[in-house]
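Okay, structure first, notes after.
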């Protein structure tokens, strides 16, 4: 009986002390103090995408300019890995978290964990469905989706048949770009097919190949990002067709493709600027200043004539 009591007591001790995500005392984030002693934790959805590489570069460069240290982790488009990565950043005692979510719903738990520990969270490009996010630094994705649809209407006229390649299901950028696009497309265009290709170039190629077989009369394609758009172009070229494709992001490969007369247009973001603006917002939060909940980065439609 005594042995059983000891075992139960040991288990209770483990449950009450071993399951906490709170960092050890030496790693707990400082509050106030010299900004140059502050540490940024940056979690990026994937570094297998030029847009997010540029975003990361913007964060790292601006943090260095401010004298702040940055720890970068790559979620590899895996929401479970991203949650674990952010927990690790918390354990390392970061003062602020910059998170580019893979999935806006899945990231909510770790955002709330950070809230409980008093670690401010700023999201980049995509938001978190729950938890206290001090600021979202992003382009106006809804406006960008509308810009793409309006350009297709201007180019091809009303009721043009369009295929839509959607991003990662659950990501706020997917929802918002789709929402903006459909605000125009539902009345001005004929969206004959839409399918997720997860913001990935190879998936964009494969999905487009399948959609072309079932929709040979398609007149234009809108992809929620440039990577999918570039994959779609490969599929279209292999089919021997000539179909205009509009992307979203304005990454270097896309701009080069526009210059070469392949990609028709892109709604261009400025990922490095988003990263820089996020660090500035983080600095303001750490110094006790109030920041806007939404910090927009400017967009522009880029075509071959407008480069």
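Residue numbers (the numbering used here): 965 to 1271.
Just so you know, even glycine gets a beta-carbon here, dropped at the ideal spot from N, CA and C.
1) Compare the Cα-Cα distances from residue 1130 to each of 1123, 1124 and 1138 and report the closest residue.
2) In or out: residue 1189 buried (at least 16 other Cβ within 10 Å) or exposed?
3) Buried or exposed for residue 966, please, with buried defined as at least 16 other CB atoms from any protein chain shown within 10 angstroms of its CB.
4) Alpha carbon to alpha carbon, what distance is there between residue 1100 and residue 1257?
5) Under a three-way DSSP split, which group does residue 989 fall into?
6) Pull up the DSSP beta-bridge partners for residue 1154, would you.
7) Hey, quick one: how far does the beta strand (DSSP E) through residue 1227 stretch, first residue to last?
8) On the DSSP letters alone, give me the boundaries of the alpha helix (DSSP H) that residue 1028 sits inside.
9) Identify the residues that DSSP records as bridge partners of residue 1033: which are they?
10) With a CB to CB cut of under 7 Å and the five nearest residues on each side skipped, what residues in its chain are close to residue 1237?
11) Would you mind stating whether residue 1106 and residue 1143 have Cβ atoms separated by less than 8 Å?
12) Which residues bound the alpha helix (DSSP H) around residue 1199?
13) Taking DSSP as the reference, what is the three-state secondary structure of residue 1134?
14) Using CA atoms only, rank isn't needed, just tell me which of 1048, 1232 and 1029 is closest to residue 1214.
15) Tell me where the beta strand (DSSP E) around residue 1259 begins and ends.
16) Is the Cβ-Cβ distance between residue 1209 and residue 1187 less than 8 Å?
17) Any idea what DSSP makes of residue 1063, helix, strand or coil?
18) Are residue 1194 and residue 1164 close, meaning C-beta to C-beta below 8 Å?
19) Could you tell me which of 1128, 1098 and 1001 sits nearest to residue 1253, measuring between CA atoms?
20) Beta carbon of residue 1184, beta carbon of residue 1126: below 8 Å?
21) What number of angstroms, rounded off, separates the C-alpha of residue 1134 from the C-alpha of residue 1160?
22) Kindly give me the distance between the Cβ atoms of residue 1051 and residue 1074, rounded to whole angstroms, as I take these residues to be in contact under 8 Å.
23) Name, in chain order, the residues that DSSP records as bridge partners for residue 1265.
24) Output the distance between the C-alpha atoms of residue 1123 and residue 1206, rounded to the nearest integer angstrom.
25) When the Cα of residue 1152 is compared with those of 1177, 1120 and 1242, which residue comes out closest?
26) Helix, strand or coil, according to DSSP, for residue 1238 in the structure here?
27) Ignore the nearest five residues each way along the sequence and tell me which others in residue 1026's own chain have a CB closer than 6 Å to its CB.
28) Residue 1251 to residue 1269, Cα distance in whole Å?
29) Does the distance from the C-beta atom of residue 1057 to that of residue 1079 stay below 8 Å?
30) Just curious, the alpha helix (DSSP H) that residue 1043 is in, first and last residue?
31) Below 6 Å CB to CB, which residues in the same chain sit around residue 1043 once its five sequence neighbours on both sides are set aside?
32) Going by Cα to Cα distance, which pick from 1064, 1102, 1198 and 1155 is closest to residue 1182?
33) Could you check if residue 1046 is buried or exposed, using at least 16 other CB atoms within 10 Å of its CB as the buried criterion?
Working from what's here:
1) Of the listed residues, the one whose Cα sits closest to residue 1130 is 1138.
2) Buried, by the Cβ-count rule.
3) Because the pLDDT at residue 966 is just 47, under 50, the model does not fix this residue reliably, and the point stays unresolved.
4) Residue 1257 and residue 1100: Cα-Cα distance of roughly 6 Å.
5) Reliability of the predicted coordinates at residue 989 is poor, the pLDDT of 49 falling under 50, and the value obtained from them is presented with this limitation in mind. Note: residue 989 maps to helix in three-state DSSP.
6) Assignment of beta-bridge partners to residue 1154 by DSSP yields 1125.
7) Per DSSP, residue 1227 is not a residue of any beta strand (DSSP E), being assigned neither H nor E.
8) For residue 1028, the enclosing alpha helix (DSSP H) starts and ends at 1014-1030.
9) Per DSSP, the beta bridge partners of residue 1033 are 1003.
10) So the qualifying residues of the chain are 1022 and 1261.
11) In contact: residue 1106 and residue 1143 (Cβ atoms closer than 8 Å).
12) Here the alpha helix (DSSP H) through residue 1199 covers 1190-1203.
13) Coil at residue 1134, not helix or strand.
14) Comparing Cα-Cα distances from residue 1214 to each of 1048, 1232 and 1029, the minimum goes to 1232.
15) It spans 1258-1261 - the beta strand (DSSP E) in which residue 1259 sits, taken as one unbroken run.
16) Yes; because the gap between Cβ atoms is below 8 Å, this pair is in contact.
17) Residue 1063: strand per DSSP, three-state reduction.
18) Their beta carbons are not under 8 Å apart, which means residue 1194 does not touch residue 1164 by this criterion.
19) Cα-wise, what sits closest to residue 1253 is 1098.
20) Residue 1126 sits close to residue 1184, with the two beta carbons spaced by under 8 Å.
21) Taking C-alpha positions only, residue 1134 is separated from residue 1160 by approximately 11 Å.
22) Yes, residue 1051 and residue 1074 are in contact; Cβ-Cβ is about 6 Å, under 8 Å.
23) Partner(s): 1231.
24) Our two residues, residue 1123 and residue 1206, have alpha carbons roughly 19 Å apart in a direct line.
25) Nearest to residue 1152 by C-alpha distance, out of 1177, 1120 and 1242, is 1120.
26) Of the three classes helix, strand and coil, the one that applies to residue 1238 here is helix, per DSSP.
27) So the list reads 1240 and 1243, once near-sequence residues are dropped.
28) Looking at the two C-alpha atoms, the distance is approximately 44 Å.
29) Contact: no.
30) Per DSSP, the unbroken alpha helix (DSSP H) holding residue 1043 starts and ends at 1043-1055.
31) Result list for residue 1043: 1066, 1067 and 1070, in chain order.
32) Answer by Cα proximity: 1155.
33) By the 16-neighbour rule on beta-carbons within 10 angstroms, residue 1046 is buried.
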